[in-house]
Every structure is written in structure tokens, then in C-alpha cells.
Amino acid sequence: MLPSISDGCIFEGVILMPLTKEELAAIVAVTGRFENSSRPYEGVSGDFDGQGISCGVLQWNIGQSSLQPLVIKAGEARVLARMPNFGPEMWLACNSPIQDGLTIVRGWQVGAKLNPEPLSELKAFMGSPEMRAIQDARIAVTAASAELLANTWVSDRGAARARTLQEMAFFFDLVTQNGGTKGVVYADVQHFINVNTAAKSVQIVSDWIFDQPPNVAGIGDAKNNAALWPTIVADDDLELFVFAFLRCQKSKPQWQIDTLNRKGALAARKGFVHKKQYDFRDIFSRTK
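With the numbering used here, the residue at position 17 of the sequence shown is 20, and numbering never jumps.
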């Protein structure tokens, strides 16, 4: 187990530093930018993915029963106060079997798009001070898992330094959106680069993108990335970039490209995701 840390310490040759509030805010902003633009706590989306509604920074949802514990933690009184019209149904949805909850929130939508009234109330509820605090508490648990992965990554690389903000953001997004590494380890990255050479590794990823079916999620962004990444991936980002590629292949086929777009953009510090170009080079400066 990792030791508890307050002011930094050494673990297996790695300098461990505590995750600061500033770092936590930064990694939340990065993942939230992909999901909910500039107001991640208030992010709400409809049933586009079969999960009923998805809310908040990490898009907790009814279908996977990840939203219900947060709502129950807030309590019925707060739900009703922030959602005067749809609060009773929201509380019922979160205290019913999943299928019943899905039926309730799907009744607020047309074509998987939330009607304006429930959307407005959900945003007000999720963005309220009490729900922001509940989201922050849940985010901190997720961040601890991501920090363990980031520290393991640095240790496996043999780097005598602390994990960077880029590495924290990468593994935080991986934990929140993809459930973790799915068994991909640093040795797999080394093997890929040794077989394909460092000079050709990024181009191999681009070639793989162009071989994917035209109807998979995110293929338009991926083709833009396939043209961009061979020109910008720095030597010290190559291993994390290859990790992103190997991990995406552990996802279901229809989501592999979407996974690569997000993780590749974080590893390369720039990329196209959800039809928008992101540039993280200022956030992930070489000194962080």
C-alpha cells in the first residue's frame, strides 16, 4: 500500500507529493471540459447513451446507478428545494429500481434530449453548493485511484520525480471514463516501442485510425488527430501516448476510437475530441 502523504515522501524511488486543491481543480476542469464545457458541475445530458440522464462533473447517471447515491446523500429536502417541479419524480427515480428510474427520467425527454424545464432544474440542483460539495467528495475518491495509477506509472518508468499534472489528468480521465487500465502496463508500452521503433510508433497509431470503420464514434476527430499527432508528439510524451493507444484497444470496438481521441489528446497535449480541438500545452507545461 502507498503510505499516507502530507508534505511529500519517497515510495519505490518515486517522489510522492500530495494532490493539492489546485491540481484537483485542474484535472476536474480538463475532464469536465470534454464533458460539459466551462461549467462541469452543472453538466446534464439526456439519454443519448441509454443511461437515462447523466449529471455533474463525471456524468454520474441513472443507468449505472452512479447518480443515485449522490442524490440520496443530498437528501429529499434539498432535492425538492432545488427542483420544485421535478424534484418529487427525481427523488422517486433515485429510490426505485434502475429500470423504473430510467422510465421516469426518460419521460422528461424527447428524442433523448431533455426538455428545458427539467434540464434547468437539474442544472440548478447539480450546481448548488451542497451538490458541489458532494461531487467534490466523490471526485476526491476517484482522484486517489488515479493518483495511485500515476505514481505506479512513474515508478515503472524508473523516473526519480513526482508525477506530473499531465499524468494525473490522464489517469483521472482514464479512471472516470474507462474504468482503469484494464491490465495494460508499462512493459506493454516498452514492447510496442521496441518492436515498432520510437520513430514509427506514432505513425503506426495514425495508420490504425485510418483503417477503422467509417461509422464508429469519433472517427472524424480521429482522422484529424491522425494527421496532427505524428507532427507534435514529443519524445517525453511518446510512452504515455502509446499507453493511450494500447488501452483504447481494451475498450469495446465501437468506443475504441473515442477512447483514443481523449487519451491521445491528453498524452500528446493537443487533439480533437467531440468535434472540437483542445490544446493543453499551457496547462501541461514541461515544468509541471
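Think of the CB as a built atom: it goes at the ideal place given N, C-alpha and C, for glycine as much as any other residue.
On the DSSP bridge assignment, give the partners of residue i in chain order.
i	result
L117	Q112
Y281	G274
C58	V47 and W63
If I measure Cβ to Cβ from residue i and keep anything under 7 Å in the same chain, skipping five residues before and after, which residues do I get?
i	result
V276	F37, D224, N264, R265 and A268
N118	W111 and Q112
A153	R166, E170, M171 and F174
G53	G66
P121	F89 and W111
Given a cut-off of 7 Å, decide if residue j and residue i are closer than it, judged by their beta-carbon atoms.
i	j	result
A270	F244	yes
T34	T179	yes
C251	T234	no
D159	Y189	yes
R85	A127	yes
I137	L70	no
A146	L61	no
Does residue i come out as helix, strand or coil in the three-state DSSP assignment?
i	result
V144	helix
V208	helix
M93	helix
G35	helix
A237	coil
K253	coil
M86	coil
Q215	coil
L27	helix
L22	coil
R81	helix
Excluding the five sequence neighbours on either side, which residues of its own chain have a C-beta within less than 8 Å of the C-beta of residue i, listed in chain order?
i	result
I75	C97 and N98
Rounded to whole angstroms, how far is the Cβ of residue i from the Cβ of residue j, which I believe are closer than 8 Å?
i	j	result
F287	R272	5 Å
I260	Q215	6 Å
S68	I101	6 Å
N228	I212	7 Å
F246	V192	5 Å
Given residue i, which residues of its chain have a CB within under 6 Å of its CB, disregarding the five upstream and five downstream residues?
i	result
G130	Y44 and E45
I30	M171, A172 and F175
K185	K253
S57	S48 and N64
W94	E79 and V82
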